[in-house]
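Just below is one structure, and these are the notes that go with it.
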Amino acid sequence: MVGCMWWIAGAAWAAVPYAGLEWRPLSRSDLAWVDDQRTSGLGVGEHDGVVHPALGAFVGGWISARFALQGGLGVARLTSTTWVGTVWEQRHWGVVRPELAARLALIRPAEGWPVPWVLAGAYGDIPSARATSNGYDEVEQEEADLLATGDRARLAGLGGRLGVGVDLRLHPSFSVGASYSLGLHRSLYLGSDPTTVSTLVSSEAAILGTFWWDPAVRRASEASERTSLQGLGNPEGP
127 MVGCMWWIAG AAWAAVPYAG LEWRPLSRSD LAWVDDQRTS GLGVGEHDGV
177 VHPALGAFVG GWISARFALQ GGLGVARLTS TTWVGTVWEQ RHWGVVRPEL
227 AARLALIRPA EGWPVPWVLA GAYGDIPSAR ATSNGYDEVE QEEADLLATG
277 DRARLAGLGG RLGVGVDLRL HPSFSVGASY SLGLHRSLYL GSDPTTVSTL
327 VSSEAAILGT FWWDPAVRRA SEASERTSLQ GLGNPEGP
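According to my numbering, the stretch in the sequence shown is residues 127 to 364, in order.
Below, the structure is given as structure tokens:
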């Protein structure tokens, strides 16, 4: 998926690239989630608010007038180191969250008109966890590795979203918008005795702010400047 994001960056640069921010306001369900102690307990999980925060960024490009690809990347890492005399212990937990999505505009862009679109995307939570110490013997290190394996399983996950949105150009290089999507997240952690797996389906709304780098707009601006300069260099006689 990371390779796909590099491909998106290249395609965006060759087409009409854009980048923006997506803000999902804190809701009552977020507070209930924390109050019910449903977080991962490790600080960097999908629903802990760090790797997938309320304010996120995205980058993409319109490959054609109605089709675009975009991606985002979330990163979170927590490291804890303790010392007792000359003995130290270090533990870390981390998640890298690449996301890939496609947009399809329902109408062709027109100046002054909001453009509705649909979006479909997928993401993955790639975990890391490790515990090391200069005081561990072989048995203690094996036990620490086993606990780290459980932590990685707890942090790992896959998901996707399907939604609709709208953009309105306030300036040739900037637009505001809104979106509403239905998301699905499946944890890869398998509980034992009995074996369980968790899947969450939820909806969310977001406010968007997007910057555009449209080559056509730039060419038109440069042409207008050249015309103005030519007019200044060749003033008409009385």
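Just so you know, even glycine gets a beta-carbon here, dropped at the ideal spot from N, CA and C.
Residue i: first and last residue of the uninterrupted beta strand (DSSP E) it sits in
i           : result
residue 208 : 193–210
residue 299 : Per DSSP, residue 299 belongs to no beta strand (DSSP E) and is neither H nor E.
Buried/exposed call for residue i, threshold 16 Cβ in 10 Å
i           : result
residue 336 : buried
residue 267 : exposed
residue 219 : buried
residue 143 : buried
residue 138 : Note that residue 138 scores 46 on pLDDT, short of 50, meaning its location in the model is unreliable; the coordinates nonetheless yield the value given after this. Buried, by the Cβ-count rule.
Which of helix, strand or coil DSSP assigns to residue i
i           : result
residue 234 : coil
residue 179 : coil
residue 341 : helix
residue 293 : strand
residue 222 : strand
residue 167 : coil
residue 284 : strand
residue 251 : strand
residue 239 : coil
residue 148 : strand
Boundaries (first-last residue) of the alpha helix (DSSP H) holding residue i
i           : result
residue 273 : 264–281
Beta-carbon proximity of residue i to residue j, cut-off 8 Å
i           : j           : result
residue 304 : residue 149 : no
residue 170 : residue 272 : no
residue 270 : residue 257 : yes
residue 312 : residue 283 : yes
residue 334 : residue 286 : no
Bridge-paired residues (DSSP) for residue i
i           : result
residue 259 : 215
residue 188 : 142, 194
residue 325 : 312
residue 245 : 229, 289
residue 330 : 307
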